[in-house]
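Asks:
Protein chains: 2
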Amino acid sequence: MTATTHHGIREAIRARIVAGEWQLGELIPGEVEFAEEFGCARTTVNRALQALAEEGIVERKRKGGTRVRPLPSPQAQFRIPVIREQVESRGQEYGHRIVLRELRDPPDEMRTRLQIGSGQKAAYMESLHLAGSHPFAFERRWVSLDTVPGFAEADLSELSANEWLIRTVPFSRGEVGLTATSADPRLAAMLQAEPGEALFTMDRTTWFEDRAVTATTLYYARGYRLEFGI
Amino acid sequence: MTATTHHGIREAIRARIVAGEWQLGELIPGEVEFAEEFGCARTTVNRALQALAEEGIVERKRKGGTRVRPLPSPQAQFRIPVIREQVESRGQEYGHRIVLRELRDPPDEMRTRLQIGSGQKAAYMESLHLAGSHPFAFERRWVSLDTVPGFAEADLSELSANEWLIRTVPFSRGEVGLTATSADPRLAAMLQAEPGEALFTMDRTTWFEDRAVTATTLYYARGYRLEFGI
DNA sequence: CTCGTGATTATGTATGCACATAATATCGCA
DNA sequence: TGCGATATTATGTGCATACATAATCACGAG
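Protein chains in written order, with my numbering: chain A, 116 to 345; chain B, 116 to 345.
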């Protein structure tokens with residue numbers, strides 16, 4: 116296997132790093148050297164090494180050369196799961212039920228997070244995501260009407276709030292937090308769990324440019340496990 | 116800003132996608148078209164669009180053209196945190212204490228996961244990661260002596276087991292799972308938590324090529340939150 | 001010995017070109 | 001009309017080249 120594609124070269128170099136040919140933090144050969152070895156143009160090696168750098172396998176500095184990353188804290192890539200896809204990929208039918216939907220005065224902490232002026236209301240909703248007839252996750256969501264005025268009248272019978280927002284508001288960035296929560300009585304009732312049970316929890320805040328769009332917290336039913344490879 | 120670097124062009128196109136210039140799933144202009152618009156070579160546009168494709172922003176098909184991804188389920192990139200760095204980045208002093216370390220017969224589930232033949236022992240250890248004088252996380256770890264024979268005699272007074280393994284065994288891939296666990300009495304005692312309290316839990320199995328290296332479960336102390344941006 | 005300046009060097013990146021490859025469209029033939 | 005061969009087209013990729021940029025090193029002036 117001496118495919119002289121940037122792809123092939125990238126994998127060849129990756130294999131040699133993984134095999135321990137160079138120490139952690141050690142300088143590896145330069146682009147020219149590799150190019151001679153693989154019998155290709157420097158450009159090609161450059162692309163391969165840049166790709167490895169983006170993956171976090173190596174570090175590169177002009178003039179400094181390329182070195183294996185000292186602490187290869189593995190970068191995990193995973194997709195924030197779309198609940199519908201998660202459920203359907205388990206071969207179950209997805210459904211969702213809006214438990215509560217109203218305009219509300221957000222608590223102070225949420226005002227700050229969503230940049231909502233005091234006195235202004237925001238849309239609040241609670242909904243239950245179902246896998247077949249079993250609860251899969253319970254969602255609490257705040258939506259800034261300032262950023263998304265149309266949300267108050269949105270028809271959410273077909274699309275979930277999340278899907279509606281994705282289609283309506285292009286969103287640029289977000290923050291995600293993962294925690295464990297003890298089920299309070301309401302959560303326990305919603306998710307058919309014991310009060311106090313440990314629930315895997317994901318909360319997310321998203322912005323469009325500089326304006327907060329929505330903040331949601333998802334409480335997953337018992338036994339949920341978010342898996343990914345590295 | 117009309118920097119004609121692949122980097123600049125990538126950001127320009129990204130901005131236009133985010134701004135909603137094209138519908139989800141819609142075809143965006145071809146490489147030649149963009150090249151004319153930006154006044155650069157097609158190669159440069161190609162690199163920019165390929166980068167966006169790797170990010171999952173667009174989909175490309177030969178002859179089919181480039182289109183905005185239909186469901187921009189945001190890809191999150193985050194680094195699996197190295198505990199020492201987490202603690203130190205909070206301005207606290209990192210320490211760790213080995214609670215238990217011995218050779219043991221792994222339970223069946225673990226035999227399968229680590230590919231350990233029946234009758235063979237594996238290294239088992241429990242350790243406590245400290246932030247200052249407070250417990251930060253409790254770790255249960257199995258190590259395959261088949262893959263890492265040196266582990267039985269490794270000096271773990273300076274490096275944590277994880278850091279020792281990273282430096283010793285190059286590792287190629289792993290699987291990570293995130294869950295919520297209720298603290299059992301032992302966990303509660305170790306982490307100064309209430310029994311039954313919800314603990315954020317991360318387990319990991321890593322392989323070197325086709326051989327399992329180690330499987331660990333990390334129970335984080337109360338209130339831990341794994342954060343990342345998208 | 002110290003400091004600054006210029007030479008050196010490795011990576012970063014744009015370009016024009018050639019050819020590869022995959023998917024689609026079109027046309028000719030039965 | 002139906003089907004298969006062929007042309008077309010958009011992306012994929014490699015190469016040689018030129019120049020940019022940042023970091024380091026060597027050297028010489030003070």
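Virtual Cβ for every residue (Gly too), placed ideally from N, Cα, C.
In this text the structure is predicted, and so the values were computed from the model without any measurement.
(1) Of the choices B:T316, B:T119, B:S272, whose alpha-carbon is the least far from that of R340 (chain A)?
(2) What does DSSP give as the partner residues of T329 (chain B) in its beta bridges?
(3) Does L139 (chain A) come within less than 8 Å of chain B when only Cβ atoms are used?
(4) Check whether the region 170-181 of chain A touches the region 198-218 of chain A, taking contact to mean three or more Cβ pairs, one atom from each stretch, closer than 8 Å.
(5) May I ask you to report which of helix, strand or coil DSSP gives I143 (chain B)?
(6) Can you check DSSP and say which residues form a bridge with L218 (chain B)?
(7) Quick one: list the residues of chain B neighbouring E342 (chain A), beta-carbon separation under 9 Å, in chain order.
(8) Give me the subset of the region 303-318 of chain B whose CB atoms are less than 8 Å from a CB atom of chain A, sorted by chain position.
(9) Between the alpha carbons of E290 (chain B) and Y239 (chain B), how many angstroms are there, rounded?
(10) Tell me the residue span of the alpha helix (DSSP H) that contains A295 (chain A).
(11) Three Cβ pairs or more, each shorter than 8 Å: is that satisfied between the region 320-334 of chain B and the region 253-273 of chain B?
(12) If you draw a straight line from the alpha carbon of P221 (chain B) to that of D318 (chain B), how long is it in whole angstroms?
(13) By how many angstroms is the C-alpha of P196 (chain A) removed from the C-alpha of A166 (chain A)?
(14) Would you list the one or two residues that DSSP bridges to Y339 (chain A)?
(15) Three-state secondary structure (DSSP) at G135 (chain B)?
(16) Would you kindly work out how many angstroms separate the C-alpha atoms of L348 (chain B) and L280 (chain B), rounded to a whole number?
(17) List, in chain order, every chain A residue whose beta-carbon is nearer than 9 Å to that of I345 (chain B).
(18) Listing by chain order, which chain B residues have their CB less than 8 Å from the CB of A216 (chain A)?
(19) Please confirm if Y339 (chain A) has its CB atom under 8 Å from at least one CB of chain B.
(20) On a CA-only basis, which of A:L271, A:A336, A:E152 is nearest E309 (chain A)? Give me that one, please.
(21) For T296 (chain B), decide whether its Cβ has a neighbour in chain A, counting only Cβ atoms nearer than 8 Å.
(22) M116 (chain A) CB to nearest chain B CB: under 8 Å?
(23) So is T368 (chain A) buried or exposed if we call it buried at 16+ other beta carbons inside 10 Å?
(24) Please decide whether R282 (chain A) counts as near chain B, where near means a Cβ-Cβ distance under 8 Å.
Replies: Result, derived from the coordinates:
(1) B:T316
(2) B:V258, B:T321
(3) yes
(4) no
(5) strand
(6) B:A238
(7) E290, V291, G292, L293
(8) G311, E312, A313, L314, F315, T316
(9) 19 Å
(10) Note, A295 (chain A): premise wrong, no alpha helix (DSSP H); beta strand (DSSP E) at 288-297.
(11) yes
(12) 16 Å
(13) 25 Å
(14) Note: Y339 (chain A) sits in no beta bridge, so no partner.
(15) coil
(16) With chain B covering only 116 through 345, there is no way to say anything about residue 348 (chain B).
(17) I195, R288, G289, E290, V291, R319, T321
(18) Position check: residue 216 (chain A) holds Arg in this sequence, whereas Ala was assumed. In chain order: nothing, as chain B lies at least about 24 Å away.
(19) yes
(20) A:A336
(21) yes
(22) Only weak support is given to the placement of M116 (chain A): the predicted model assigns it a pLDDT of 48, under 50, and the question is left unresolved by the model.
(23) This structure does not reach residue 368 (chain A), given that chain A is present from 116 up to 345, and the question cannot be answered.
(24) yes
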